[in-house]
Amino acid sequence: MASRRLRVIGLISGTSADGIDGVCVELPASPSLADVRSLVHHHVPLTPGQRDAVFASFHTATATADFLCRLNADLGEWFASAALETIANAGLTPSDIDVVASHGQTVFHDPPVRAGDSGSTLQLGEPSVIAERTGVTTVADFRVRDMAAGGHGAPLVSFLDDRLFRLADSTRVLLNLGGIGNITVLPPFSHGADAPRVACDTGPANMVLDWIVSDLTGGASRLDEGGRMASSGIVDEVWLRDLLDDDYFRAPAPKTTGRERYGAQYAARVLAEGRGRGLPNNDILATITAMTGATVASDIVRNAPDRAPVVEVVAGGGGARNPAIMSAIAARIPGVRLSTVDEYGIASQAKEALLFAMLGNAAIRGNENTVASSTGARHATVMGKIVPGSNYRSLMSRLFHPDGSPPSA
405 MASRRLRVIG LISGTSADGI DGVCVELPAS PSLADVRSLV HHHVPLTPGQ RDAVFASFHT
465 ATATADFLCR LNADLGEWFA SAALETIANA GLTPSDIDVV ASHGQTVFHD PPVRAGDSGS
525 TLQLGEPSVI AERTGVTTVA DFRVRDMAAG GHGAPLVSFL DDRLFRLADS TRVLLNLGGI
585 GNITVLPPFS HGADAPRVAC DTGPANMVLD WIVSDLTGGA SRLDEGGRMA SSGIVDEVWL
645 RDLLDDDYFR APAPKTTGRE RYGAQYAARV LAEGRGRGLP NNDILATITA MTGATVASDI
705 VRNAPDRAPV VEVVAGGGGA RNPAIMSAIA ARIPGVRLST VDEYGIASQA KEALLFAMLG
765 NAAIRGNENT VASSTGARHA TVMGKIVPGS NYRSLMSRLF HPDGSPPSA
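All the letters of the sequence shown, read from the start, carry residue numbers 405 to 813 under this note's numbering.
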């Protein structure tokens with residue numbers, strides 16, 4: 405029956421494109437927090453050559469049709485390899501796995517500007533290659549279905565947040581600090597099961613900081629490890645006000661953004677501004693870190709329900725391990741507990757891969773896997789395209805033929 409538990413591999417390479425995160429987890433039809441605490445997480449770093457290829461896809465001068473075509477196949481191979489490594493790391497074989505759910509690598513995201521507009525998005529990492537190499541039925545290319553229904557195709561993490569972290573009588577906010585920050589505001593169940601769950605991208609989190617650190621160190625460092633550089637700097641409050649004077653930061657939810665707006669060109673511009681003001685390197689990083697804290701806090705305050713104040717913000721993603729970012733957020737939301745998903749049994753770096761495992765688990769069962777109020781879509785949908793693996797017929801039989809009979813040919 406459709407309530408049976410499935411063993412699922414979730415895969416993603418995020419906006420920082422530093423590697424592929426994989427999880428192996430066993431999920432029922434409606435997972436709870438207790439169901440995901442036994443997940444196995446595995447990170448596969450991209451080689452410098454692979455990362456260079458991914459970053460070349462972000463630039464129109466190099467992202468030609470033939471280049472993207474080949475990269476799609478290559479990424480399929482890299483994701484398939486990551487799936488097999490994750491399976492082995494869990495002490496399993498591919499025949500033990502029911503579904504692989506792959507986000508792929510976003511190379512372009514163009515959300516709708518106004519309600520009623522249609523957006524577009526492109527994730528590479530050919531799922532047919534993954535299904536062929538693993539033999540496992542693969543679900544991929546999730547975001548486009550939400551966009552077809554008028555949504556932004558993001559933030560999708562509100563699906564996980566809503567299922568695992570919503571409280572009975574208090575508002576909780578889930579925060580993801582990847583290349584871009586995003587929040588999901590979860591009203592209490594006492595406001596009604598269908599009370600709107602507001603979500604949005606808050607702006608740059610790690611993306612701009614990582615680019616600046618790489619530039620300042622000549623590529624020797626790719627991130628501000630432990631936030632030490634920013635923590636030793638002083639925030640330039642005048643420049644910070646100028647940085648926050650940005651149309652995107654003032655825009656209401658739902659809203660999404662990405663590398664197209666806050667990528668290398670933006671990072672180079674703000675670095676030049678900081679240098680033009682005569683600021684030391686660590687002061688530049690301190691001010692950019694403060695910008696991240698301010699944008700996150702502003703969207704939390706703006707989107708919290710009036711009758712149920714926020715009691716806790718639960719952070720995940722790489723930025724949750726950066727004390728400077730976390731301190732910058734905490735300073736702007738006094739009285740609110742700031743915790744991490746690690747405290748609830750989910751490794752920060754595993755959360756987005758777990759999300760796609762949950763999305764794939766829902767999709768293969770034919771269940772809706774979006775929160776329309778979070779993405780701005782007209783209605784919830786079943787996201788994901790299914791590529792049958794060698795286990796497909798037996799999987800369908802297990803899910804939808806409780807008497808054990810095989811699906812009809």
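Glycine included, C-beta positions come from ideal geometry on N, C-alpha and C.
In this structure, does DSSP put residue i in helix, strand or coil?
i	result
Ser778	helix
Asn771	coil
Arg549	helix
Ala719	strand
Pro432	coil
Gly453	helix
His446	strand
Thr744	strand
Val458	helix
Asn586	strand
Arg797	helix
Val791	strand
Arg411	strand
Ser532	helix
Ser752	helix
Ser524	strand
Val786	coil
Asp439	helix
Ala761	helix
His595	helix
Ala668	helix
Met405	Below a pLDDT of 50, predicted positions are generally treated as unreliable, and Met405, at 46, falls in that range; the measurement from the model is reported next regardless. Coil at Met405, not helix or strand.
Identify which residue in the options has its Cα closest to the Cα of residue i.
i	options	result
Gly722	Arg741, Ala735, Val715, Ala754	Ala754
Glu481	Gln509, Gly607, Met551	Gln509
Val548	Asp514, Ala505, Asp573, Asn586	Asp514
Ala544	Ser777, Thr606, Gly583, Ala757	Ala757
Gly574	Pro591, Gly582, Leu568	In the sequence as presented, Gly is not what sits at residue 574; that position holds Ser. The shortest Cα separation from Ser574 among Pro591, Gly582, Leu568 belongs to Pro591.
Val589	Val602, Ala535, Asn580, Leu763	Val602
Pro684	Val429, Asp651, Thr699, Ser635	Ser635
Asn586	Ala597, Asp422, Thr606, Leu568	Thr606
Tyr796	Leu475, Ser499, Phe593	Ser499
Arg632	Gly662, Thr497, Pro727	Pro727
Phe459	Gln669, Gly720, Phe563	Gln669
Val444	Thr785, Ser752, Leu803	Ser752
Leu560	Ala761, Arg769, Ile768	Ala761
Ala766	Phe569, Met787, Gly749	Met787
Ala558	Leu648, Asp650, Thr660	Thr660
Asp456	Gly623, Leu415, Arg567	Gly623
Val700	Asn580, Arg711, Leu410	Asn580
Using a Cβ-Cβ cut-off of 6 Å (strictly less than) and excluding sequence neighbours within five positions of residue i, which residues of its own chain qualify?
i	result
Gly555	Thr779, Gly780, Ala781
Ala694	Val639, Leu644, Ala732
Ser562	Thr588, Arg601, Ala603, Val775, Ser778
Cutting at 7 Å between CB atoms, please list the residues of its own chain near residue i, excluding the five before and the five after it.
i	result
Pro709	Thr575, Pro591, His595
Ala734	Leu742
Asp614	Ser420, Arg626, Leu627
Residues in its own chain within less than 8 Å of residue i by CB, not counting five upstream and five downstream?
i	result
Arg645	none
Ile616	Ala671, Val674, Leu675, Ile688, Leu689, Ile692
Sort out for me which residues DSSP pairs residue i with in a bridge.
i	result
Ile416	Asp425
Quiz prompt | Start-end ranges of the beta strand (DSSP E) lying completely within the region 602-658, minimum 3 residues | solution = 602-608
Quiz item: Which runs of the beta strand (DSSP E), 3 residues or longer, sit entirely within the region 470-517?
Solution: 503-514
Self-check item: alpha helix (DSSP H) segments (min. 4 residues) lying fully within the region 534-581
Solution: 547-552, 562-569
Practice problem: Entirely within the region 670-738 and at least 4 residues each: give me those alpha helix (DSSP H) ranges in chain order. | Solution: 685-707, 727-734
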